[in-house]
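Residue numbers (my numbering): 97 to 429.
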């Protein structure tokens, strides 16, 4: 079903047909806090907060689902179209982190909510692995909270905790707010205004009433960020580290680093085996891949061509014999 964003208010009925177009209408402008990071992070955690929220120039808002009345629900939440989940895509690399990593909590910033019927609706938060840039396997589900107990209309962090921290399996991952148990209650997340997302059109996602995932750009024609902020614990990447060793695989610093045309990926194997080297940009997209078969135990150096890559920071991994190590390098022009 095609969803189209419109700034103008529309006279849209509450009935839904197969041909009906989804539209979004801005309801309210949200005041940005002075220090959003302080409210969701501690010294031992890393909070993922898009630049559009954390001191950026983007206006924050709440979008209604096709009407200036809240009766239609919210674009950034559940609505009369039956949307079930909204998600944000993040990567470890954008925070200079690497696997292994876990998500322990998620903060939701809620712009508006409306009780309906008995007001007993509930919601959870979920973490998904990345599958070729889209939400993949479900990795974990948080505690359940009653919507009536959540704070809306201010920058109070609504914290959802996982009984056991969720282990990440990929550099990129998705965190979603699941409204499928909301019943007659409606809730809308704070989001950045259209055209003011921090990264790309592939960041914010929407799960519709058929359980199909699509980007907010494809579904609502909105380029936006959502108020979903995971709190992640992971190992810090450090280009100055002399060596990383794990399960018979040792990763030495890449050279040169920064690199312009070629870079040497240096590693050692405790035993013979096949090796795969992958290079990722800050969005988690794999941009280079090299497979080496039947390497002998010992030290190895493999050249990787980076001449066609944009300048920036990249994460690379070396995988061998069920072990995997990560580091980062910088490409310059």
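Cβ coordinates follow ideal geometry from the N, Cα and C atoms, glycine included.
Note that the coordinates shown come from a computational prediction; the quantities given were computed from them, not determined experimentally.
Local conformation of residue i per DSSP, three classes
{"i": "residue 140", "result": "Confidence at residue 140 is low in this model, with a pLDDT of 39, below 50, so its placement is unreliable and no value can be given for it."}
{"i": "residue 180", "result": "coil"}
{"i": "residue 342", "result": "strand"}
{"i": "residue 425", "result": "strand"}
{"i": "residue 245", "result": "helix"}
{"i": "residue 101", "result": "Because the pLDDT at residue 101 is just 36, under 50, the model does not fix this residue reliably, and the value given afterwards should be weighed accordingly. Residue 101: coil per DSSP, three-state reduction."}
{"i": "residue 114", "result": "Confidence at residue 114 is low in this model, with a pLDDT of 43, below 50, so its placement is unreliable and the value that follows should be read with caution. Coil, per DSSP."}
{"i": "residue 189", "result": "helix"}
{"i": "residue 168", "result": "helix"}
{"i": "residue 119", "result": "coil"}
{"i": "residue 132", "result": "Per-residue confidence for residue 132 stands at a pLDDT of 46, beneath the threshold of 50, marking its modelled position as unreliable; the derived number appears in the next sentence. Reduced to three states, the DSSP call for residue 132 is coil."}
{"i": "residue 419", "result": "strand"}
{"i": "residue 305", "result": "coil"}
{"i": "residue 375", "result": "strand"}
{"i": "residue 290", "result": "coil"}
{"i": "residue 256", "result": "strand"}
{"i": "residue 401", "result": "strand"}
{"i": "residue 153", "result": "coil"}
{"i": "residue 215", "result": "coil"}
{"i": "residue 162", "result": "coil"}
{"i": "residue 395", "result": "strand"}
{"i": "residue 354", "result": "coil"}
Contacting residues, own chain, Cβ-Cβ under 6 Å from residue i (five flanking each side not counted)
{"i": "residue 280", "result": "212 and 213"}
{"i": "residue 350", "result": "359, 361 and 425"}
{"i": "residue 177", "result": "118"}
{"i": "residue 473", "result": "For the chain, the structure presents residues 97 to 429; residue 473 sits outside this window and is missing."}
{"i": "residue 403", "result": "357"}
{"i": "residue 303", "result": "180, 181 and 309"}
{"i": "residue 202", "result": "221, 256, 271 and 326"}
{"i": "residue 340", "result": "347 and 421"}
Of the listed residues the options, nearest to residue i (C-alpha basis)
{"i": "residue 195", "options": "383, 171 and 423", "result": "423"}
{"i": "residue 264", "options": "241, 372 and 237", "result": "237"}
{"i": "residue 356", "options": "400, 340 and 364", "result": "400"}
{"i": "residue 223", "options": "385, 327, 298 and 241", "result": "327"}
{"i": "residue 254", "options": "353, 329, 304 and 286", "result": "286"}
{"i": "residue 142", "options": "186, 171 and 120", "result": "186"}
{"i": "residue 239", "options": "258, 292 and 202", "result": "258"}
{"i": "residue 379", "options": "367, 395, 390 and 408", "result": "408"}
N- and C-terminal bounds of the beta strand (DSSP E) containing residue i
{"i": "residue 415", "result": "408–416"}
{"i": "residue 382", "result": "382–391"}
{"i": "residue 330", "result": "324–332"}
{"i": "residue 363", "result": "358–365"}
{"i": "residue 206", "result": "206–210"}
{"i": "residue 225", "result": "218–227"}
{"i": "residue 272", "result": "268–274"}
{"i": "residue 231", "result": "230–237"}
Residue range of the alpha helix (DSSP H) that includes residue i
{"i": "residue 313", "result": "312–316"}
Proximity of residue i and residue j at Cβ, strictly below 9 Å
{"i": "residue 374", "j": "residue 415", "result": "yes"}
{"i": "residue 300", "j": "residue 225", "result": "no"}
{"i": "residue 248", "j": "residue 206", "result": "yes"}
{"i": "residue 204", "j": "residue 221", "result": "yes"}
{"i": "residue 294", "j": "residue 147", "result": "yes"}
{"i": "residue 241", "j": "residue 218", "result": "yes"}
{"i": "residue 386", "j": "residue 377", "result": "no"}
{"i": "residue 191", "j": "residue 330", "result": "yes"}
{"i": "residue 209", "j": "residue 274", "result": "no"}
{"i": "residue 229", "j": "residue 298", "result": "yes"}
{"i": "residue 322", "j": "residue 172", "result": "yes"}
{"i": "residue 283", "j": "residue 262", "result": "no"}
Cβ shell of residue i (< 8 Å), same chain only, five flanking positions each side left out
{"i": "residue 289", "result": "122, 154, 155, 156, 157 and 320"}
{"i": "residue 420", "result": "195, 342, 345, 413 and 414"}
{"i": "residue 244", "result": "211, 215, 216, 217 and 281"}
{"i": "residue 353", "result": "335, 359, 425 and 426"}
is_contact[residue i, chain C] using C-beta, thresh 9 Å
{"i": "residue 173", "result": "The chain inventory of the structure shown lacks chain C, comprising one protein chain alone."}
Same chain, Cβ closer than 7 Å to residue i, five either side skipped, listed in chain order
{"i": "residue 269", "result": "186, 223, 224, 225 and 226"}
{"i": "residue 291", "result": "319"}
{"i": "residue 266", "result": "225 and 226"}
{"i": "residue 332", "result": "192 and 193"}
{"i": "residue 232", "result": "224, 225 and 226"}
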